[in-house]
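The structure under discussion appears below in the form of structure tokens.
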Amino acid sequence: MSNSTFGFLQAWAALLIVAVTTPARGADDALHVALGDEPKPTVSLWLDSSLTRIFPQTKPGSTKLELLAARNGTTSFQACVRNDRTYALRLDGAIEGVDDLKGQTRLVGLVPMPHLTPGTEPAELDGAGLLPGLVPDPLYPETETLIGPQESRSYWITLRIPADAKPGKRDLKFRFYLGDHRQEFELPLTLQVSEFVIKPRENFPVTHWWRGEATWDYYKTGMFEDQKWWDLTRDQMQNMVDHGSDVVYVPMFFNRRETFKRPCQLLIINEPEPGKYEFDWTNVRRFVAMCKEIGFKEFE
Numbered sequence: 024m025s026n027s028t029f030g031f032l033q034a035w036a037a038l039l040i041v042a043v044t045t046p047a048r049g050a051d052d053a054l055h056v057a058l059g060d061e062p063k064p065t066v067s068l069w070l071d072s073s074l075t076r077i078f079p080q081t082k083p084g085s086t087k088l089e090l091l092a093a094r095n096g097t098t099s100f101q102a103c104v105r106n107d108r109t110y111a112l113r114l115d116g117a118i119e120g121v122d123d124l125k126g127q128t129r130l131v132g133l134v135p136m137p138h139l140t141p142g143t144e145p146a147e148l149d150g151a152g153l154l155p156g157l158v159p160d161p162l163y164p165e166t167e168t169l170i171g172p173q174e175s176r177s178y179w180i181t182l183r184i185p186a187d188a189k190p191g192k193r194d195l196k197f198r199f200y201l202g203d204h205r206q207e208f209e210l211p212l213t214l215q216v217s218e219f220v221i222k223p224r225e226n227f228p229v230t231h232w233w234r235g236e237a238t239w240d241y242y243k244t245g246m247f248e249d250q251k252w253w254d255l256t257r258d259q260m261q262n263m264v265d266h267g268s269d270v271v272y273v274p275m276f277f278n279r280r281e282t283f284k285r286p287c288q289l290l291i292i293n294e295p296e297p298g299k300y301e302f303d304w305t306n307v308r309r310f311v312a313m314c315k316e317i318g319f320k321e322f323e
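Residue numbers for the sequence shown follow the working numbering, so the first one is 24 and each next one is one higher.
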């Protein structure tokens, strides 16, 4: 094993140690609240790890949550709600006390999963007894929503710890706004910022494939002439960098043109006369410049 590989494994081992989320799952220890003049609690609030998936059928958990995170790293958790009323609940929420931690709150969306994964033993299936059904997966950059009766939902809170953050304990709060009158409830939690500082990854390039034609087909945009396509693509590239990619695929040529009516080929090639070709590098330069600005280090 090379020194660089060993160093990389050490860094990731350290990250696993110092980016711990400690939920107290098990018995129902949620905060049960009544809204307005309701005679009894109908809504449950709790906190959970980002390693737990909150399905619509998930029962309430615990309000106790302790986070431990390295500097120059990222940690996350979930703030959860269950609506046990017979009608819908208007919901909003926000993280408080994050100061320099660049906190971000996103709503966890649901997507349909019509079948269980073939060839998988029942003991290894995720969501046993809850699937087929709706699965928590996309993270929406919004916080206001309406959840149905007898339904659980969650917010995904991301905390980005600066390299120069002061080590020590932080007291945070997640504030819920429930109902049409935005009745407020809060759940406290603690974050212990470690003295450990995660160093930038070295000698370990990471990339993910992407398809530009999928973007304009799904979002019904134009091609390279449409600024909306560039805006969407920029967000996608930023998301890749945020999740560890530092190498980006540059679709200069497209060799399987029969599979897409509008293939994503950045390099425009014209043949003004037989055997004579003109190359327009405008889109290639624009894409590469955008990705450099975002933070990509290598191009393929």
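Ideal placement from N, C-alpha and C gives every residue a C-beta, glycine not left out. If you're wondering where the values come from, they're calculated on a predicted model, not measured in any experiment.
- In summary, Q101 is buried, with 16 or more beta-carbon neighbours lying within 10 Å of its beta-carbon over all protein chains present.
- Collapsing the DSSP output to three states places N95 in coil.
- Residue nearest to E167 within the set L157, P190, H55, L130 is L130 (criterion: CA-CA distance).
- For the pair F227 and D265, the Cα-to-Cα distance works out to about 16 Å.
- By the Cβ-count criterion, W179 is buried, with 16 or more other Cβ atoms from all chains shown falling within 10 Å of its own Cβ.
- Secondary structure note for W69: its beta strand (DSSP E) is the uninterrupted segment 66-72.
- Here the alpha carbons of P62 and N262 stand approximately 45 Å from one another.
- For the 9 Å CB-CB criterion, K196 and P211 form a contact.
- The C-alpha of T128 is placed about 35 Å away from the C-alpha of L289.
- Per the C-alpha coordinates, the member of L201, D149, D160, E321 positioned closest to A117 is L201.
- In the three-state scheme derived from DSSP, where H, G and I count as helix and E and B as strand, R198 is classed as strand.
- Judged by DSSP secondary structure, L290 falls outside any alpha helix (DSSP H); it is assigned neither H nor E.
- Counting only residues of its own chain and dropping the five nearest sequence neighbours on each side, E174 has a CB closer than 6 Å to the CB of P79, N106.
- Taking 9 Å as the cut-off, the Cβ atoms of Y272 and W233 count as close.
- N95 sits close to P185, with the two beta carbons spaced by under 9 Å.
- Between the beta-carbon of I77 and that of P159 there is about 6 Å, and that keeps the pair under the 8 Å contact cut.
- Between Q206 and L70, the beta carbon gap of about 19 Å keeps them out of contact (Cβ cut-off 8 Å).
- Nearest to R108 by C-alpha distance, out of A92, P172, Y163, is P172.
- For G235, there is no enclosing beta strand (DSSP E); the residue is part of the alpha helix (DSSP H) that begins and ends at 235-241.
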